[in-house]
Structures are given as C-alpha cells and as structure tokens.
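Shown next, in structure tokens, is the structure this report addresses.
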Amino acid sequence: MKKISLFFLVLISSIQLYSQKVHILSGINYFYLSGDIYSSTDTFSNNFNSSGDYGFQVGYNIEFLIKKNISLLLGQEFSQRNFKNVHIEEESIKESRFIYLSTPILLNYKITPKSTLNTGFLLDYLLHKQKLTYFDPDTLEPGLLNYDFAFNVGFRQRFKAIEVCLEWTIGFLDIISLESENPNLYKENSKSRMLKLGLAYQIE
Amino acid sequence: MNVRTIFIIFIFLNSGGLIFGQSRLNYLFYAGPSITNIHNFELGERQFYISPERPYYDMNYHVGFSIEKAFFSIESLKSRAGILYERRSSSEVAFNKKTFLYGDFLGISVSGLWNPTNEKEINIEFGGLCHVLVNESLGLHAIPFRSVEINLLSGIEFKLISKFHIGIRYSLPLNYLSGNVESTNPGEIETKQKTQSFQFSLIYKIKNI
Chain A
244 MKKISLFFLV LISSIQLYSQ KVHILSGINY FYLSGDIYSS TDTFSNNFNS
294 SGDYGFQVGY NIEFLIKKNI SLLLGQEFSQ RNFKNVHIEE ESIKESRFIY
344 LSTPILLNYK ITPKSTLNTG FLLDYLLHKQ KLTYFDPDTL EPGLLNYDFA
394 FNVGFRQRFK AIEVCLEWTI GFLDIISLES ENPNLYKENS KSRMLKLGLA
444 YQIE
Chain B
26 MNVRTIFIIF IFLNSGGLIF GQSRLNYLFY AGPSITNIHN FELGERQFYI
76 SPERPYYDMN YHVGFSIEKA FFSIESLKSR AGILYERRSS SEVAFNKKTF
126 LYGDFLGISV SGLWNPTNEK EINIEFGGLC HVLVNESLGL HAIPFRSVEI
176 NLLSGIEFKL ISKFHIGIRY SLPLNYLSGN VESTNPGEIE TKQKTQSFQF
226 SLIYKIKNI
C-alpha cells in the first residue's frame, strides 16, 4: 500500500511541475457516417440515404504546458451527434442521435503567439442513442459499438480570453457493423466523421 | 485488478487523506436538478423503443452532504466523502414529458478533487459512487435494498460567490442494476438496466471547521 501511495504522490507532484490552463468549451458539430451499405435483395440501399446533421458539444479541457510552444490538452466533452436517414421514395426523414462522453488527448503546437495546431485522439463512450436498433434479431449479433476511437486534427485562434476552435475528427472503428447470415444479402460498415466549430474560454 | 479492488484502494487512500491530513475539514451541503435516464440493454446494446418512443432523458433532483479535506496536506488536492440521495428516471415521448421508469437511490460517494489553477477556485473531480435502490416504479427490474450500482464520477466545480459553488457532475455506472429479473423463457433476449445522471449542484461550503 505504501508503494501505491508513493506512486500517487510522485504522480501528483510531477503534475504540479507543469503550469496549467483551464478552458470551458462549447460549439456545434456536423456529424455523419461514412461507410458501405450493400444490399442485394431489396431496394434498401437504393431507397435509404444517410446524411449528416448538426449537433453540439460542451465540456472542458486542461492544458499542460510541456515546452514553450508545446502543450498537452486533456478534457471531457459531452457531444450530441445527429444524423438523418432519408427514405427517398417516401420522402420521409428519420432523425437519429448519438450522445457520447468524449475524452480528447491532444498535443498542441503553437505556430504563432495566438495560433495553435493540435492533433491527437478522442476516446468516445456512447451514453445514449435514438432511434435505430442495430442488432440482428436473426443472428443475435450486436451491431453497434458502445465506444469509438478517433483521430483528431484542429486549429485554434486566440482572441483575448477566447479561442475559436476548428477540428476534424475521423473515427477508426466501425461503430456500426451489420451483416446478414449470408453476407451477400446485406452488409453495412460505418465509421464516424465529424467537423467541430467551437469557442473555448480560458479561465486562467 | 477488478473494479472492486480499485474502489477499495480508492476508499483507503481517501480515508487516509481524511484521517491523517493536517488541514481542517470543509463541510458541503449540495442539491439541485439532475438530468437522468434509465436504459434497457439487450445483447449489450442500449435500446430505444419506438411505440411509445422511449427512453428520453428526464429532469429529477439530488441532495447530498460531504466532508472534504486536503489530500496528504496538498492544498490543490482534496479528498471528499459523503452521502447522496437521488431520483433517477426516464421519460416517454420527449424530454421530461412523462416519467415511466424511476428509482430512488441512496449512496456513498468518495472522490478526489484537483485544482489545476493557482488563483481561481476551480476543482476537477474524479471518484466513485456506490448507491442502493430504496424505492422503485413498476417496470424497473430491480429490488429495493438489494439492487446496487457502482458509478464512476467525474465533474467540475466553480466558486460562485462567497460560500456558494456550482458543480456539474456526471455519474457513469460500471455494472448493470443488480437484482434484475431474469428471463424465464429460453428463447427470450435478457433485458438488463443501467441508469445515468448529470447533476447540476448548488453547493454551500463551510470551510475550516
């Protein structure tokens, strides 16, 4: 137990060496699914078209200054991501929604005193979804991942205490993965894509 | 190392901070609205039912009391332990429209708080909450005083004015509500349930007693 306590103390004191800044974030996003839908039996893939929609995110992050121009961003965001399934013939739109708890791990590089580039990863955990169901009732195979792992690249421009953030997120995992017993009949694999525009207010 | 071991280590470390720390205690009373949901899981997937459409998020409340102390006398780190009463529910048709599932929970929370700034009073919180169901509605497949959830807690707090703070906290259950009624039909897909909650708290903090 002493070793564990010592480990925590060393970890804590090492964190104290760096100076930190706290940012409160909010903004809008445009989310869509990118992937393949194959269907041979009916007109599903011809009649259905998945398109993106706008959502929002809110959260905070902490910036750890590592060197003069380099910092590490860690934080938490709640991200509502919407998308649409449009039935072309019936002209009906079914709006769908994912809500994720998102943990960004980003490396910031200051290119000018007021401009930074960042790149890194997002770890997403699904908190809520509506209105589609993704498991196959015949094979009883789950078709939707409860988590996602994504690459993130972005740009931030500072205006006094506020930064304007523009970020592009590319999911690595097939968050939707459906396949009929005979894969020649129906198959779907979709990854997440998201463009984020937001404001970050620096508290200190 | 399983979840229970991590939880026990955390409680031990936390109580170490509370007992052996040199600084004085802070007492916190907090209450506020919670945005909650109760999801059904089938084959590991959160379900959303169509007719009627459910579950949507619902507005509820929570109230709690905690004791806080500097963690090993480091002022930017604090340990906190307390009790929390909360109602969690989900609604039908739309947000906060009609409550159809609810449960009242009484729990013990332990957490660590870190102030990453040197000047402002902002705390980042991580910890755990273990709560037991004390009252339930029809449709919640759980048994009062036997159904337990262990939650991860994370949140952020700001000083508002004088002794008042505001806090936003999220609790994410690690396990399904224990005591779920198991399906008796062999072909039927088993349904399990998990709650979740976003707590928006007004905190009254009495310092250095």
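Just so you know, the sequences run in chain order A and B. For the first sequence, our numbering assigns the number 447 to the last residue and increments by one with no breaks. For the second sequence, our numbering assigns the number 234 to the last residue and increments by one with no breaks. For glycine and all other residues, C-beta sits at the position ideal for the given N, C-alpha and C.
**Item:** Short-range partners of chain B found in the segment 301-331 of chain A, where Cβ spacing is below 7 angstroms
**Value:** Tyr303, Ile305 and Gln319
**Message:** Considering just the uninterrupted stretch of the beta strand (DSSP E) at His166 of chain B, what are its terminal residues?
**Reply:** What you label residue 166 of chain B is simply residue 141 of the second sequence in a count that begins at 1. Careful: His166 of chain B lies outside any beta strand (DSSP E) and carries neither H nor E.
**Asked** Does the beta-carbon of Glu213 of chain B have 16 or more other beta-carbons within 10 angstroms, so that it is buried, or is it exposed?
**Response** Here residue 213 of chain B refers to the residue found at position 188 when the second sequence is read from its first residue. With fewer than 16 other Cβ atoms within 10 Å, it is exposed.
**Message:** Residues of the segment 59-72 of chain B in Cβ contact with chain A at a cutoff of 9 angstroms, in chain order, please.
**Reply:** With the criterion set as a beta carbon lying under 9 angstroms from some beta carbon of chain A, the members of the segment 59-72 of chain B are Asn62, His64, Glu67, Leu68, Gly69, Glu70, Arg71 and Gln72, in sequence order.
**Request:** Run down chain B in chain order and give the residues with a C-beta less than 7 angstroms from the C-beta of Phe390 of chain A.
**Result:** As a working mapping, residue 390 of chain A is identified with position 147 in the first sequence. In the sequence as displayed, the identity of residue 390 of chain A is Tyr instead of Phe. Within chain B, no residue comes near Tyr390 of chain A; the closest Cβ sits about 11 angstroms away, beyond 7 angstroms.
**Message:** Please report the distance separating the alpha-carbon of Leu392 of chain A from that of Leu370 of chain A.
**Reply:** Within the first sequence, residue 392 of chain A is the residue found at index 149, counting from 1. Within the first sequence, residue 370 of chain A is the residue found at index 127, counting from 1. According to the sequence displayed, residue 392 of chain A carries Phe and not Leu. Phe392 of chain A and Leu370 of chain A: Cα-Cα distance of roughly 15 angstroms.
**Message:** Please classify Ala443 of chain A as buried or exposed, where buried requires at least 16 other C-beta atoms within 10 Å of its C-beta.
**Reply:** Residue numbering aside, residue 443 of chain A sits at position 200 when the first sequence is read from its first letter. With 16 or more Cβ atoms within 10 Å of its Cβ, Ala443 of chain A is classed as buried.
**Message:** Below 7 angstroms on C-beta distance, what does Gln373 of chain A contact in chain B?
**Reply:** Residue 373 of chain A sits at position 130 when you count from the first residue of the first sequence. Per Cβ cutoff of 7 angstroms: Phe73.
**Message:** Measuring straight from C-alpha to C-alpha, what distance separates Pro385 of chain A and Glu424 of chain A?
**Reply:** The count along the first sequence starts at 1 and reaches residue 385 of chain A at position 142. The count along the first sequence starts at 1 and reaches residue 424 of chain A at position 181. A direct Cα-to-Cα measurement between Pro385 of chain A and Glu424 of chain A gives close to 13 angstroms.
**Prompt:** Who pairs with Tyr303 of chain A in a beta bridge, going by DSSP?
**Reply:** As a working mapping, residue 303 of chain A is identified with position 60 in the first sequence. According to DSSP, which records beta bridges pairwise, Tyr303 of chain A is partnered with A:Ile267 and A:Gln319.
**Message:** Here's a check: name, in chain order, each residue in its chain whose Cβ is nearer than 7 angstroms to the Cβ of Leu227 of chain B, leaving out the five neighbours to either side.
**Reply:** Translated into positions along the second sequence, residue 227 of chain B becomes position 202. Cβ neighbours of Leu227 of chain B beyond the five flanking positions: Tyr55, Ala56, Gly57, Phe189 and Ile191.
**Request:** Give the DSSP-derived three-state secondary structure of Gln373 of chain A in the structure shown.
**Result:** Residue 373 of chain A sits at position 130 when you count from the first residue of the first sequence. Three-state result, Gln373 of chain A: strand.
**Request:** Could you tell me the distance, in whole angstroms, from the CA atom of Gly318 of chain A to the CA atom of Glu410 of chain A?
**Result:** Taking the first residue of the first sequence as position 1, residue 318 of chain A is located at position 75. Taking the first residue of the first sequence as position 1, residue 410 of chain A is located at position 167. Taking the straight line joining both Cα atoms gives about 15 angstroms.
**Request:** Evaluate Val118 of chain B with the Cβ neighbour count: other Cβ atoms within 10 Å of its Cβ, from every protein chain shown; 16 or more gives buried, anything less gives exposed.
**Result:** Mapped onto the second sequence, residue 118 of chain B falls at position 93. By the 10 Å Cβ count, Val118 of chain B comes out exposed.
**Prompt:** Of all Cβ atoms in chain B, is any one closer than 7 angstroms to the Cβ of Phe394 of chain A?
**Reply:** What you label residue 394 of chain A is simply residue 151 of the first sequence in a count that begins at 1. No, no contact with chain B.
**Request:** Compute the distance between the beta-carbons of Asn325 of chain A and Arg340 of chain A, then report whether it is under 7 angstroms.
**Result:** Start at 1 with the first residue of the first sequence, and residue 325 of chain A comes out as number 82. Start at 1 with the first residue of the first sequence, and residue 340 of chain A comes out as number 97. Yes, Cβ-Cβ distance for Asn325 of chain A and Arg340 of chain A is below 7 angstroms.
**Message:** Looking at Gln323 of chain A: is its Cβ nearer than 7 angstroms to the Cβ of Ser358 of chain A?
**Reply:** As a first step, residue 323 of chain A is located in the first sequence; it is residue number 80 there, counting from the start. As a first step, residue 358 of chain A is located in the first sequence; it is residue number 115 there, counting from the start. It is not a contact, given that the beta carbons lie outside the stated cut-off.
**Request:** Measure the C-alpha to C-alpha separation of Val301 of chain A and Gln224 of chain B and round it to an integer number of angstroms.
**Result:** Start at 1 with the first residue of the first sequence, and residue 301 of chain A comes out as number 58. Start at 1 with the first residue of the second sequence, and residue 224 of chain B comes out as number 199. Spanning the two alpha carbons is a distance of roughly 15 angstroms.
**Asked** In this structure, what does DSSP give as the bridge partners for Gly414 of chain A?
**Response** Position 171 of the first sequence holds residue 414 of chain A. A:Ala393.
**Message:** Do Glu93 of chain B and Asn51 of chain B count as a contact pair if the criterion is CB distance below 7 angstroms?
**Reply:** What you label residue 51 of chain B is simply residue 26 of the second sequence in a count that begins at 1. What you label residue 93 of chain B is simply residue 68 of the second sequence in a count that begins at 1. Between Asn51 of chain B and Glu93 of chain B, the gap from beta carbon to beta carbon is short of 7 angstroms.
**Prompt:** With C-beta atoms as the reference, is Val396 of chain A less than 7 angstroms away from Thr362 of chain A?
**Reply:** In the first sequence, residue 396 of chain A corresponds to position 153, counting from 1. In the first sequence, residue 362 of chain A corresponds to position 119, counting from 1. It is a contact, given that the beta carbons lie within the stated cut-off.
**Request:** Reducing DSSP to helix, strand and coil, say where Asn206 of chain A ends up.
**Result:** The shown model of chain A, from 244 to 447, leaves out residue 206 of chain A, and the question about it has no answer.
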